[in-house]
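Residue numbers (my numbering): 2 to 268. Cβ atoms here follow ideal geometry from the backbone N, Cα and C, with glycine treated the same way. All figures in this text were calculated on a predicted structure; none of them were measured in a lab. Structure first, commentary second.
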Amino acid sequence: MFLLINECSLDEQYQNEHEFREAMQIFISALDFIAKLDFPKEVYKSNTLFNHTGVTGLHLNTFLKNNHDLNQLFVGNLQRLGPTIWDKTHDSNSTYHYNTVDYVETSPAELTERRIVNAEKPGFLFNFFKSNAFSESVELSISKNSTINVEVDCNFDIDTIYNWLVENGLITPSLTYDETSKLSPLDQQTVLNDTTKFTLTKLRNQGRKVYNKVGSGELWVVDNSRKHAGTKAHIEVFDENTKEHLGTSLYNKDELDKNFKVPNRKL
2 MFLLINECSL
12 DEQYQNEHEF
22 REAMQIFISA
32 LDFIAKLDFP
42 KEVYKSNTLF
52 NHTGVTGLHL
62 NTFLKNNHDL
72 NQLFVGNLQR
82 LGPTIWDKTH
92 DSNSTYHYNT
102 VDYVETSPAE
112 LTERRIVNAE
122 KPGFLFNFFK
132 SNAFSESVEL
142 SISKNSTINV
152 EVDCNFDIDT
162 IYNWLVENGL
172 ITPSLTYDET
182 SKLSPLDQQT
192 VLNDTTKFTL
202 TKLRNQGRKV
212 YNKVGSGELW
222 VVDNSRKHAG
232 TKAHIEVFDE
242 NTKEHLGTSL
252 YNKDELDKNF
262 KVPNRKL
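This is the structure in structure tokens:
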């Protein structure tokens, strides 16, 4: 696997240094998690990373120098991963648009090109939390020269990285969901794991895969909200044609409860 730290996701999204600090703690924790993975990984960064600003007028380099404890943790975890400056494989004369912005000469463009060259090698953009440009998206559609659309994976914390590793077959989780968990269950830990009843679609909702319940005209998807994790874990159910909300089911039950239908809600 490989990842590119997305310098463009540090785009003055924080209102103050306190928010910047909290976001850096999330980022550093994720670096530590990645460093502990016991299989080969390639980590790349842009040579402009430290010039980007989390708070208006405050560059990452300056912020870290002003916060010695964070600087030690950040540098220490980076050194464990041994990131290198990526060698450009994308074409400077091409365009790589996401939401009308051309990201040529940056990490999003570089990862897009690498996905075009070798779609089989799993990789993702590692974003800073709550980016203005990339939000908390776990998948982007980047257009090269307005002719080739490439789906690019993104992660921004331990939870999203863990789910990505599972989805890409790099780690194997327990098939039993821990109801004390602060994370929503993986698909494999729910009734969606029964392939005789549920088939995967190309749809996504809150970054989660959407399944078709065979012969029912229903679409099922795990509620990805952290406030609905643990004992509140459940699956949202929608109409296959209208995409209207029909209700919910407990994560381990194949039972639609229409009492929890939300009017005017759609997939």
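Residue i: first and last residue of the uninterrupted beta strand (DSSP E) it sits in
i	result
L221	As written in the sequence, residue 221 is Trp, which differs from the Leu given in the question. Unbroken beta strand (DSSP E) run through W221: E219 to V223.
CB contact check: residue i to chain B, cutoff 8 Å
i	result
T200	Included in the structure is just one protein chain, with no chain B present.
Alpha-carbon spacing of residue i relative to residue j, whole angstroms
i	j	result
E140	T63	30 Å
W87	K145	19 Å
K122	M2	7 Å
D179	L187	11 Å
F21	Y15	6 Å
G58	N52	10 Å
Y212	K259	18 Å
C1	G218	The structure shown has nothing for residue 1, since the chain only spans 2 to 268.
D240	L268	9 Å
D1	Q73	A question about residue 1 goes unanswered here, because the residues of the chain that appear run from 2 up to 268.
N164	T197	23 Å
E8	N48	9 Å
H19	P174	35 Å
D92	K254	50 Å
N94	A234	48 Å
N68	K214	51 Å
I143	N206	19 Å
H273	E256	Past the edges of the chain, shown from 2 to 268, lies residue 273, and the structure says nothing about it.
V167	L201	16 Å
L171	A36	14 Å
G83	V44	7 Å
Whole-angstrom C-beta distance between residue j and residue i, which should lie under 8 Å
i	j	result
T191	Y252	4 Å
L112	L5	5 Å
Residue environment, residue i, which counts as buried when at least 16 other CB atoms sit within 10 Å
i	result
F199	buried
T181	exposed
P109	buried
S250	buried
V238	buried
N- and C-terminal bounds of the alpha helix (DSSP H) containing residue i
i	result
V118	S108 to V118
D160	I159 to E168
K214	Note, K214: premise wrong, no alpha helix (DSSP H); beta strand (DSSP E) at R209 to K214.
R205	Here R205 belongs to no alpha helix (DSSP H); instead the beta strand (DSSP E) covers F199 to N206.
G77	H69 to L82
- Stretch-stretch touch, CB-based, cutoff 8 Å, three pairs: the segment 146-165 with the segment 108-124: yes
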